[in-house]
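Student: Residues in the sequence shown are numbered from 123 upward in steps of one, following our numbering. Below are the structure tokens for one structure; questions will follow.
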Amino acid sequence: MGKLLEIRNLTRKYYEGTRESRVIDNINLEVDEKEFVIIMGASGSGKTSLLHLMAGIDNADEGTIRYKNVDFGQMSEKEKTVFRRTNIGIVFQQNCLIPDLTVYENIMLPLMLDRGKGKRKGKENEKDTITKLCGQVGLEEHIRKYPSQLSGGQQQRAAILRSIINRPPLLLCDEPTGSLNSAQTEIVMRLLNVLNKKGQTIVLVTHDMKVAVKGRRVVYIKDGRVSGELRFSETNPNETNEKEVYRRREEELLNFLQKRGY
Ligand SMILES: Nc1ncnc2c1ncn2[C@@H]1O[C@H](COP(=O)(O)OP(=O)(O)O)[C@@H](O)[C@H]1O
Ligand SMILES: [Mg+2]
């Protein structure tokens, strides 16, 4: 499997007055194609900042990010925007739905942007896809509503569908289940797992152990640095069902996190 992302000596600084703080401090990280990587770390450790750099929304002060052979540092803002549109889906911590568009129109938006101006109507097969996806995450009755008419959890699910509708090879998710209850979280994680199995690469930030065990590798960020990585061990033969696998992974993860003072 090839590398999808290659991050080398990445640093992002902010200034408070003259005081410099390194929000991302010399991070090295690689993400392979078709991987499902989880990022964990205390609040303020730099997880969102890292995701924004991976998306090319924010620019590094030092170091490089390559997406296959494309170097973000060598691209103009415009080039990055166009590149992002077809290659990277982002689920933000705040869901960022457009208030004047319905759920359906919000989800359709990336497809319309791909197609260019003036072609706002969805094709029949796209309508079917959106209806089907909404059904899968329990939004079927809300397709024609506006974001303000939805709960936080419903908005979040709509935002997730919007970022996967054009099947970007890389999906970046910042605490996508943060405003969901456990049943909704389960639904969303199943959906993400299906997408991953179909070949999409996923990088997902979470605080939730039950979510983290659905990935294969956990990267722990502390003070803007990678302070450890955990690769869950292979499923062993006496684990007869999914539940046992996740329970065992939870133990591995708890042990890993406790060693890092989480
Ligand atoms: N635009 C900014 N200007 C100054 N400081 C920032 C900015 N964005 C984030 N930070 C700081 O960087 C640190 C990491 O933030 P963030 O990446 O959002 O952390 P996390 O997502 O892990 O909670 C925090 O201390 C935050 O206050
Ligand atoms: Mg954050």
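For each residue, glycine too, the CB sits at the ideal point set by N, CA and C.
Cα separation between residue 235 and residue 370?
Tutor: So the alpha carbons of these two residues sit roughly 43 Å apart.
Student: If I measure Cβ to Cβ from residue 334 and keep anything under 7 Å in the same chain, skipping five residues before and after, which residues do I get?
Tutor: Cβ neighbours of residue 334 beyond the five flanking positions: 160, 162, 328, 340 and 375.
Student: Who's in the neighbourhood of ligand 4, going by beta-carbon under 6 Å from any heavy atom, listed in chain order?
Tutor: Looking at this structure, you won't find ligand 4 anywhere; what it does contain is ligand 1 and ligand 2.
Student: Within its chain, find whatever has a CB closer than 7 Å to the CB of residue 303; leave out the 5 residues flanking it on each side and keep chain order.
Tutor: Correct list, in chain order: 275.
Student: So, at 6 Å on beta carbons, what are the nonlocal neighbours of residue 169 in its own chain, with the 5 sequence-adjacent residues on each side left out?
Tutor: Once the five neighbours on either side are set aside, the close Cβ partners of residue 169 are 161, 163, 327 and 343.
Student: With a threshold of 7 Å, establish whether the CB of residue 296 neighbours any heavy atom of ligand 2.
Tutor: Answer for residue 296: yes, Cβ within range of ligand 2.
Student: Given this structure, state the Cα-to-Cα distance separating residue 127 from residue 175, to the nearest angstrom.
Tutor: Approximately 11 Å, taken between the alpha carbons.
Student: Identify the continuous beta strand (DSSP E) that holds residue 335 and give its terminal residues.
Tutor: Neither: residue 335 is in no beta strand (DSSP E) and is coded neither H nor E.
Student: With respect to 7 Å, is the separation between the Cβ of residue 216 and the closest non-hydrogen atom of ligand 2 below this value?
Tutor: Result no, Cβ not under 7 Å from ligand 2.
Student: Spell out a yes or no on whether the stretch 253-268 and the stretch 177-192 are touching, meaning 3 or more CB-CB pairs, one atom from each, closer than 8 Å.
Tutor: Touching, no, given that fewer than three Cβ pairs across the two stretches are closer than 8 Å.
Student: Output the distance between the C-alpha atoms of residue 366 and residue 357, rounded to the nearest integer angstrom.
Tutor: If I take the Cα positions, the gap works out to 9 Å.
Student: Considering only their Cβ atoms, is the gap separating residue 209 from residue 291 smaller than 8 Å?
Tutor: Cβ atoms of residue 291 and residue 209: closer than 8 Å.
Student: Could you work out which residue in 219, 232 and 273 is closest to residue 206 when comparing CA atoms only?
Tutor: Residue 206 has its Cα closest to that of 232, out of 219, 232 and 273.
Student: Classify residue 384 as helix, strand or coil using the three-state DSSP reduction.
Tutor: If DSSP states are grouped into helix, strand and coil, residue 384 belongs with coil.
Student: Can the beta-carbon of residue 383 be found closer than 8 Å to that of residue 147?
Tutor: Result no, Cβ atoms of residue 383 and residue 147 do not sit closer than 8 Å.
Student: Is there contact here, the stretch 137-151 with the stretch 309-319, by at least three beta-carbon pairs under 8 Å?
Tutor: The answer is no - the stretch 309-319 does not touch the stretch 137-151, with fewer than three Cβ pairs under 8 Å.
Student: For residue 355 and chain D, any beta-carbon pair shorter than 8 Å?
Tutor: Protein chain content of the structure displayed is limited to a single chain, and chain D is not contained in it.
Student: Applying the 10 Å Cβ sphere with the 16-neighbour rule, what's the burial state of residue 336?
Tutor: It counts as buried.
Student: Measure the Cβ-Cβ separation of residue 190 and residue 154 and say whether it is below 8 Å.
Tutor: Not closer than 8 Å, so no.
Student: Quick check: what's the CA-CA separation for residue 187 versus residue 359?
Tutor: For residue 187 and residue 359, the distance between alpha carbons rounds to 39 Å.
Student: In three-state DSSP terms, what is residue 195?
Tutor: Three-state DSSP puts residue 195 in a helix.
Student: Going by DSSP in three states, residue 186 sits in which element: helix, strand or coil?
Tutor: Strand at residue 186.
Student: Taking 8 Å as the cut-off, decide whether the C-beta atoms of residue 295 and residue 225 are in contact.
Tutor: No, Cβ-Cβ distance for residue 295 and residue 225 is not below 8 Å.
Student: Could you spell out where the beta strand (DSSP E) holding residue 228 opens and where it closes?
Tutor: Not the beta strand (DSSP E): residue 228 falls in the alpha helix (DSSP H), residues 225-237.
Student: State buried or exposed for residue 204, treating a residue as buried only when at least 16 other CB atoms are found within 10 Å of its CB.
Tutor: When all chains shown are included, residue 204 counts as exposed.
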